[in-house]
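Enquirer: In the numbering used here, the protein residues as written are 1 to 437.
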């Protein structure tokens, strides 16, 4: 191995390509690809691709660090590419709600290019020493800057998606075909991001413009009309929330209990429609706001709940009623920290019938015993004993779905919620009646 390069590599990380007996071929490529001062490129994009290709063979990910533009011509004069582990985490952002792993360790590896008199870019600075372990060739394709979805893979993703196969399952299928996840050139998140980008592109510009125009017109008619949109890195609209002046006023008076539901998908794009509803003093359904969502991830729900709270001047509901969705449960725990979260019993029974169909069909008494656990017990000790008796009686001690349900028992068992004000609502069917409209 070249001496200068060898000093930058961990001894535990051989630069050997997958399927090759030795490292000679990869060493050859590294020597050919290694940047040198004075190297010339047609433009900054080609320079980046060259450095990123080199990084893939060595075993690190690349990040675009900074650039300097001419104030008169707007042409990039200098640009710096660094190892993804360059620099250090910004300590001022450590108090953010979402904790991310600290991957920056002050690595100094970099390549800087400057524009020359002929308009091309030349390498003006290069450092190849890393202060961290490098990735083996068998895993280098999983590094962030190395991950790519080929046109053939995009076509296969489209087929899987059109067949109704969810991203997680689709990614598993393609991983098995490739010989394992380690052999696939992209991760599950890249799979989802590709579908997100494709779906948003399918929404015609006229549709997007019409939505924005409608919301802006409503706000012009009444400045109290509230709306918010979320866009992705390509400036494509992903999520939309709106609430008119009447909805905001109704929430001020009747917003102690809110039902939130995403089980209904409307419009030709199949996007979840998510209304926030409650009841007024006449037990009539009132709408506090609604959203069209791109997906049903915890990140999406966190954005939506934060936006809803902002629209309602920071007021949180005393009780919020939702369906049994792990992403919603997670987001509510982070955003509505002062609210009591209850699960929709109707949806819970629907899920129970789906996950425990063999028990419901094989026993005439299970439904009654399950219902007792939901509604009948007055004391927590009685509930716990009754739950355990039910598991033993029907041989369900190892049932994973019931185990997960029990972990959220405080959100559905009435013994934990008798003192919770729910405005006589025990399910999200108020929302579903709105969906029917």
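Ideal Cβ placement from N, Cα and C applies to all residues, glycine included.
Please list the segments of the beta strand (DSSP E) lying wholly inside the region 114-139, counting only runs of 3 or more residues, in order along the chain.
Expert: Here the runs fully enclosed are 121-127.
Enquirer: Quick check: residue 148 and residue 185, are their CB atoms within less than 7 Å of each other?
Expert: For residue 148 and residue 185, yes; Cβs fall inside 7 Å.
Enquirer: For residue 291, list the residues DSSP reports as bridge partners.
Expert: Partner(s): 241 and 274.
Enquirer: Going straight from the alpha carbon of residue 321 to that of residue 275, what length do you get?
Expert: One C-alpha to the other measures close to 12 Å.
Enquirer: Using only alpha-carbon positions, find the residue among 309, 343 and 358 that is nearest to residue 334.
Expert: The shortest Cα separation from residue 334 among 309, 343 and 358 belongs to 309.
Enquirer: Under a three-way DSSP split, which group does residue 266 fall into?
Expert: Reliability of the predicted coordinates at residue 266 is poor, the pLDDT of 48 falling under 50, and the value obtained from them is presented with this limitation in mind. Correct three-state label for residue 266: strand.
Enquirer: With a CB to CB cut of under 6 Å and the five nearest residues on each side skipped, what residues in its chain are close to residue 298?
Expert: Here the set comprises 327, 330 and 331.
Enquirer: Let me know if residue 340 comes out buried or exposed under the rule of 16 or more other beta-carbons within 10 Å of its beta-carbon.
Expert: Flag for residue 340 reads buried.
Enquirer: Using 8 Å for Cβ pairs, my map puts residue 228 next to residue 307. What's the rounded Cβ distance?
Expert: Residue 228 to residue 307, Cβ: 5 Å. Contact.
Enquirer: In whole angstroms, what separates the C-alpha of residue 355 from that of residue 403?
Expert: When rounded, the distance between both Cα atoms is 12 Å.
Enquirer: Given a cut-off of 7 Å on the beta-carbon distance, is the pair residue 375 and residue 405 in contact?
Expert: The answer is no: Cβ separation not under 7 Å.
Enquirer: Quick one: using the 10 Å Cβ neighbour count with 16 as the cut-off for buried, is residue 66 buried or exposed?
Expert: By the 10 Å Cβ count, residue 66 comes out exposed.
Enquirer: Under 6 Å Cβ to Cβ from residue 60, same chain only, skipping five residues before and after it: list those, please.
Expert: Excluding residues within five positions, the ones whose Cβ falls inside 6 Å are 83 and 134.
Enquirer: Specify, as a first and last residue, the run of the alpha helix (DSSP H) that residue 300 falls within.
Expert: Where residue 300 is concerned, the enclosing alpha helix (DSSP H) stretches over 298-311.
Enquirer: Take residue 178 as the anchor and find which of 57, 156 and 197 has the nearest alpha-carbon.
Expert: The shortest Cα separation from residue 178 among 57, 156 and 197 belongs to 156.
Enquirer: Using CA coordinates, which residue listed in 47, 292, 188 and 389 is at the minimum distance from residue 124?
Expert: For residue 124, the nearest C-alpha among the options comes from 47.
Enquirer: With hydrogens ignored, establish whether the beta-carbon of residue 333 is closer than 6 Å to any heavy atom of the ligand FMN.
Expert: No copy of the ligand FMN occurs in the structure displayed, which carries no ligand at all.
Enquirer: Mapping the DSSP letters down to three states, classify residue 88 as helix, strand or coil.
Expert: Here residue 88 sits in coil by DSSP.
Enquirer: According to DSSP, simplified to helix, strand and coil, what is residue 148?
Expert: Residue 148: coil per DSSP, three-state reduction.
Enquirer: Roughly how many whole angstroms lie between the Cα atoms of residue 86 and residue 145?
Expert: Roughly 14 Å separates the two Cα atoms.
Enquirer: Considering only C-alpha positions, which residue in the set 259, 290, 250 and 318 is nearest to residue 281?
Expert: It is 250 whose Cα lies nearest to the Cα of residue 281.
Enquirer: If I measure Cβ to Cβ from residue 377 and keep anything under 8 Å in the same chain, skipping five residues before and after, which residues do I get?
Expert: Excluding positions up to five away in sequence, the list reads 383, 386, 413, 414 and 415.
Enquirer: Could you give the first and the last residue of the continuous alpha helix (DSSP H) run that contains residue 359?
Expert: Residue 359 -> alpha helix (DSSP H) spans 357-362.
Enquirer: Taking the straight line between their C-alpha atoms, what separation do you get for residue 113 and residue 70?
Expert: If you take the alpha carbons of residue 113 and residue 70, they lie about 15 Å apart.
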